[in-house]
Amino acid sequence: MKNNIRFDLSDYLIHFFRDVNLETGSHIYLPEHCGFNNQRHACFIDAKYLLRLSLRSHKIFSSWSYRNGQRTVYGDSPVVCFTDMPIAAYLETGVRRLERNEKIGLYAIVLPKEQMFNYGARPVIYGLDEHNNARCSQGRYGERILDETALPLIEQYRYVTYVPGKIDWTHEREWRWPYRGDINNFLNHIKEYGIPENIESTPGFDFRSSEISGAGIIVPFAEDIPTVAHDILTLIDRGVIG
0 MKNNIRFDLS
10 DYLIHFFRDV
20 NLETGSHIYL
30 PEHCGFNNQR
40 HACFIDAKYL
50 LRLSLRSHKI
60 FSSWSYRNGQ
70 RTVYGDSPVV
80 CFTDMPIAAY
90 LETGVRRLER
100 NEKIGLYAIV
110 LPKEQMFNYG
120 ARPVIYGLDE
130 HNNARCSQGR
140 YGERILDETA
150 LPLIEQYRYV
160 TYVPGKIDWT
170 HEREWRWPYR
180 GDINNFLNHI
190 KEYGIPENIE
200 STPGFDFRSS
210 EISGAGIIVP
220 FAEDIPTVAH
230 DILTLIDRGV
240 IG
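Here is the structure:
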């Protein structure tokens, strides 16, 4: 018998999409052209568009979670972030946080936790034994690299500072999936042009190259269902998902 029968646990990880303004310090990187029928014509991008873009591109895009123009993810690997909470709790907290204009969204992709663990997703590490004074250096692309005597480079994407007097992030019970592919061309193109070259070269978790089963989609409004269902059926028709 499993010993995880608790109301606050879930068998799923939730990756939510939120509204983004590309001209702020909390931006994401998107190419100018995101593919056929995926045009965008403004710097403000809503969460529904980002969900549908991920579905149509069969990819959840990785990032370093920029805040005020600085990376918040340590190490050299961009990540896909998830929250580990029951879906009902996510919806409840999402509505309340949106009412306070916090950075969250109610459009989400839900993936089985055990399968994502097998693909490399891991829970974050809140704080180190060095009392949160782990020093970091900055790389040529803005990487925040911790001293490897405190945490090996390959694990640094998991590190989250624990400073409850400011913002306590432990409520998110965050998991992260690190992108381990080659990102040199991606970074060089951003450094020269400020945006990625295309969707294909943008790092992320690709559904097409995985065998994830039992995934789900969350949308906040009934009128969202036909368009999102169309995107999913298109993936099935293309043989991207089963």
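Numbering that gives the first Met the number 0 puts the first residue of the sequence shown at 0, with every later residue one more than the last. Don't be surprised by glycine CBs; every beta carbon is placed ideally from N, CA and C.
What residue does the alpha helix (DSSP H) around residue i start on, and which one ends it?
i           : result
residue 236 : 224-236
residue 112 : 112-117
residue 162 : Careful: residue 162 lies outside any alpha helix (DSSP H) and carries neither H nor E.
residue 51  : 46-55
Which stretch, first to last residue, makes up the beta strand (DSSP E) that contains residue i?
i           : result
residue 201 : First-last for residue 201: undefined, no H or E at that position.
residue 58  : 58-60
residue 240 : Taken as a continuous stretch (DSSP letters only), residue 240 belongs to no beta strand (DSSP E), as it is neither H nor E.
Which residue wins for smallest C-alpha separation from residue i, given the options the options?
i           : options               : result
residue 31  : 210, 193, 170 and 206 : 193
residue 121 : 42, 79 and 223        : 79
residue 217 : 119, 46 and 155       : 46
residue 236 : 214, 169, 207 and 143 : 207
residue 163 : 53, 174 and 125       : 125
residue 157 : 63, 35 and 28         : 63
Rounded to whole angstroms, what's the CA-CA distance from residue i to residue j? Just pull it up for me.
i           : j           : result
residue 239 : residue 134 : 43 Å
residue 189 : residue 6   : 44 Å
residue 181 : residue 234 : 26 Å
Decide if residue i is buried, meaning its Cβ has at least 16 other Cβ atoms within 10 Å, or exposed.
i           : result
residue 201 : buried
residue 123 : buried
residue 15  : buried
residue 105 : buried
residue 119 : exposed
residue 43  : exposed
residue 8   : exposed
### Query
Is the stretch 103-115 close to the stretch 50-66, with three or more CB pairs under 8 Å?
Three or more pairs of CB atoms, one per stretch, sit closer than 8 Å, so the stretch 103-115 contacts the stretch 50-66.
### Query
If we count Cβ pairs, one from each stretch, closer than 8 Å, do we get three or more for the stretch 88-102 versus the stretch 140-154?
The stretch 88-102 is not in contact with the stretch 140-154.
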